[in-house]
Each structure stands twice: as structure tokens, then as C-alpha cells.
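Worksheet: the structure to be examined is printed underneath.
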Amino acid sequence: MLSRQRGLQLEAFGCILIVTVMLADRFLFTLQDGFVLTAAIISAVFLTVGIRVVKRADEQEQKKPK
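Next comes the structure, spelled out in C-alpha cells:
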């Protein structure tokens, strides 16, 4: 099982990936549309997995007796 910290890292990676690709496409050079689409899909997967991991970790933390 992945930890909350790992989930946050996955979320951050997904955000950084898509922002980097979009900025590079806009300001540095034109990327092929297929590459941008692929990067967006990969980013979405990382974001989705990261959000689910963080949510699951938070739910388990709340269920623990204090």
C-alpha cells in the first residue's frame, strides 16, 4: 500500500509534468499534438492515483483509535 506522502508526490509529479509540457509547447518549441496528449493522459493518471492514495490514507488515519 502506498503512503500519504507517496500520494502527494504522485500528485506533484502529475502537475509538474503537464505544466512543463504545456509551457515548453507554448514558449520554447512546438511539440507534436500526440506527445502533448500522451503527456496529458499520463499526468491525469498520476494525479488520479495520487488523489486516491491520499484519500485512502486520510480515511485510514481517521479510523485509527486515538
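My numbering runs 38 ahead of the 1-based position in the sequence shown.
Where a beta carbon is used, it is the ideal one built from N, C-alpha and C, also for glycine.
Exercise. Which residue from 65, 70, 66, 78 puts its Cα closest to that of residue 52?
Worked result: Mapped onto the sequence shown, residue 52 falls at position 14. Among 65, 70, 66, 78, the Cα nearest to that of residue 52 belongs to 78.
For this session: Please state whether DSSP places residue 102 in a helix, a strand or coil.
Result: Translated into the one-based positions of the sequence shown, residue 102 becomes position 64. Of the three classes helix, strand and coil, the one that applies to residue 102 here is coil, per DSSP.
Exercise. Can you give, in chain order, each stretch of the alpha helix (DSSP H) that sits fully within the stretch 40-103 and has at least 4 residues?
Worked result: 42-61, 71-101
Problem set entry | Given residue 45 as reference, the closest of 98, 96, 92, 101 once Cα atoms are compared | As a working mapping, residue 45 is identified with position 7 in the sequence shown. Per the Cα distances, 92.
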